[in-house]
Amino acid sequence: MTLRFSLAAVFMFYLLAAGEMILGNVTLSWHSLAQGLLEGPFSHQITARILWLFRLPRLLLAFLTGATLAAAGALLQTATRNPLADPFLFGLSAGASAGAVTVIIFMGNIAGIWTTTMGAAAGALCATTLLLALITRSAHSLPPQRIILTGLAVSFLFTSVTNFLIFQGDRNTAQSVLFWTLGSFSAASWSSLPVAALALLLICTYGARFRKELDALLAGEDTATSLGVNVRTLRLSTLLLCALSCAMTVALCGPVGFLGLVVPHLARFMTGNTLKHMFFPAAILGGLTAMLADLLSHSLFAAQEIPTGILISGAGACFFLLYLRKI
């Protein structure tokens, strides 16, 4: 990363963070913001409680989630040599949604605020397990087409399960799960941040370690093999690591799609095609994009909050239209 990019990213982070903390159902002044931050997290002052208990963990969760999803998208697009590869293309969000709906319908609020989280994590892991079981039946290398088509099949399967469960449930159940399935950071808390941070740490550590091997795939499987890269193992480990990291974020905030698809392309436009140069910029851009979408979600309309996933999906659709003009 260049010094100019780093300085611009730091400036944008603080700018968006200030917007996240000031704007919302209760709009704060700059004086109230400074006073609330100085009061600290244990103050009983209302402004301090709004900032430290709700808005600060929310903006941090948005950044960590966006960075994780964008980094996963960069890895998957390179590993499959498909510019449209996305973490949620492989059934992860569909599995998480199915798991969350299942526990809400059959177990109620058995674990309090963590009920949906545990169900989503279990569903995402089930989808990942099924995907890996299907694509590893062949003893040969994993062709990208097989991975993507299998992911689509898994996604359709778990989406059908989710729709059937919602259809069978009552209206209150459908309403309670609808907002979560659209993706939102409104349930952020300090206790959820270590999970999101661990997901980002895992995927960044993997990306830093295997960037060169994944870049070798851009030249073709035969070239990568001649350079000593085990293509099958590399693709399998990349898929597993991305699925695990994204499952941890989906369990916290629901399926926030399109970040892993769109942001890596923006990073390539700025830094080049190789993962060596665009991986960490993609992660930073993903975090900033998620913060911007979250800021818009709770500041566009004073009376209600728009789920973040709706805004990002709309932006993703516009990106598809622009991308189609190039091919």
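Per UniProt numbering, residue 1 is the first one in the sequence shown, and the count goes up by one each step.
The beta-carbon is built from N, C-alpha and C at its ideal position, and this holds for glycine as well.
As the structure is a prediction and not an experimental result, all values here were calculated from the model.
Since residue i and residue j should fall inside the 8 Å C-beta cutoff, what is the C-beta to C-beta distance between them, to a whole number of angstroms?
{"i": "G66", "j": "L259", "result": "6 Å"}
{"i": "L76", "j": "T238", "result": "7 Å"}
{"i": "S299", "j": "P307", "result": "Not a contact, Cβ separation roughly 14 Å."}
{"i": "L311", "j": "G19", "result": "Actually they do not touch by this definition, with Cβ atoms about 15 Å apart."}
{"i": "V101", "j": "V154", "result": "Incorrect: roughly 16 Å between the Cβ atoms, too far for contact."}
{"i": "L152", "j": "L69", "result": "So it is not a contact: roughly 18 Å between Cβ atoms."}
{"i": "V263", "j": "T225", "result": "That pair is no contact at about 30 Å."}
{"i": "L218", "j": "V231", "result": "Rounded, the Cβ-Cβ distance is 12 Å, inconsistent with contact."}
Would you tell me roughly how many angstroms separate the C-alpha atoms of residue i and residue j, rounded to the nearest one?
{"i": "V250", "j": "W190", "result": "16 Å"}
{"i": "A62", "j": "S43", "result": "24 Å"}
{"i": "G287", "j": "N273", "result": "20 Å"}
{"i": "T80", "j": "N25", "result": "43 Å"}
{"i": "F54", "j": "F164", "result": "34 Å"}
{"i": "P57", "j": "L16", "result": "14 Å"}
{"i": "T223", "j": "P87", "result": "26 Å"}
{"i": "A188", "j": "A122", "result": "19 Å"}
{"i": "A208", "j": "A74", "result": "12 Å"}
{"i": "L159", "j": "P255", "result": "A small correction: the amino acid at residue 159 is Thr; Leu does not occupy that position in the sequence shown. Rounded to whole angstroms, T159 to P255 spans 12 Å at the Cα level."}
{"i": "F11", "j": "F269", "result": "20 Å"}
{"i": "F185", "j": "L252", "result": "8 Å"}
{"i": "A85", "j": "M21", "result": "34 Å"}
{"i": "L132", "j": "T27", "result": "47 Å"}
{"i": "A244", "j": "P143", "result": "Strictly speaking, residue 244 in this sequence is Leu, with Ala absent from that position. Their Cα atoms are separated by approximately 21 Å."}
{"i": "E305", "j": "M118", "result": "25 Å"}
{"i": "N82", "j": "S6", "result": "28 Å"}
{"i": "T116", "j": "M291", "result": "23 Å"}
{"i": "T181", "j": "E221", "result": "37 Å"}
{"i": "T128", "j": "H265", "result": "25 Å"}
{"i": "I166", "j": "R49", "result": "36 Å"}
{"i": "A9", "j": "A34", "result": "22 Å"}
{"i": "F319", "j": "V103", "result": "35 Å"}
{"i": "F301", "j": "F156", "result": "33 Å"}
Given that a residue counts as buried once 16 or more other Cβ atoms are within 10 Å of its Cβ, and exposed if not, what is residue i?
{"i": "C126", "result": "buried"}
{"i": "R235", "result": "buried"}
{"i": "Y14", "result": "exposed"}
{"i": "S192", "result": "buried"}
{"i": "L3", "result": "exposed"}
{"i": "N200", "result": "The sequence as given places Leu at residue 200; Asn does not occur at that position. L200 should be labelled buried."}
{"i": "C246", "result": "buried"}
{"i": "F106", "result": "exposed"}
{"i": "A317", "result": "exposed"}
{"i": "T233", "result": "exposed"}
{"i": "A196", "result": "buried"}
{"i": "L321", "result": "exposed"}
{"i": "W30", "result": "exposed"}
{"i": "A71", "result": "buried"}
{"i": "L51", "result": "buried"}
{"i": "L227", "result": "exposed"}
Can you list, in chain order, the residues of its chain whose CB lies under 6 Å from that of residue i, leaving out five sequence neighbours each side?
{"i": "A267", "result": "M278, P281, A282 and L285"}
{"i": "Q45", "result": "E39"}
{"i": "T47", "result": "S32 and G36"}
{"i": "Q168", "result": "none"}
{"i": "A124", "result": "L92, G95, A96, A247 and V250"}
{"i": "A98", "result": "G123, F158, V161 and T162"}
{"i": "L130", "result": "V154"}
{"i": "F23", "result": "Looking at the sequence shown, residue 23 is not Phe but Leu. Here the set comprises S299."}
Closer than 7 Å by C-beta to residue i: which residues in its own chain qualify, once you throw out the five before and the five after it? Chain order, please.
{"i": "L241", "result": "L202, I203 and Y206"}
{"i": "K276", "result": "R211, K212 and D215"}
{"i": "A293", "result": "T308, L311 and I312"}
{"i": "I135", "result": "L142, R146, I147 and T150"}
{"i": "A120", "result": "A96, G99, A100, V250 and A251"}
{"i": "P41", "result": "W52"}
{"i": "L261", "result": "G73, L84, D86 and G316"}
{"i": "L60", "result": "L193"}
Can you name, in chain order, every residue of its own chain whose Cβ lies under 8 Å from the Cβ of residue i, other than the five neighbours on each side?
{"i": "G257", "result": "D86, F88, S93, G183, G309, I312, S313 and G316"}
{"i": "L64", "result": "L193, A196, A197, A199, L200, T249 and G287"}
{"i": "T78", "result": "L214, D215, L217, L218 and L275"}
{"i": "V229", "result": "E213, A216 and L217"}
If we cut at 7 Å on Cβ distances, does residue i have a partner in chain C?
{"i": "T80", "result": "Absent here is chain C; the protein component of the structure consists of one chain."}
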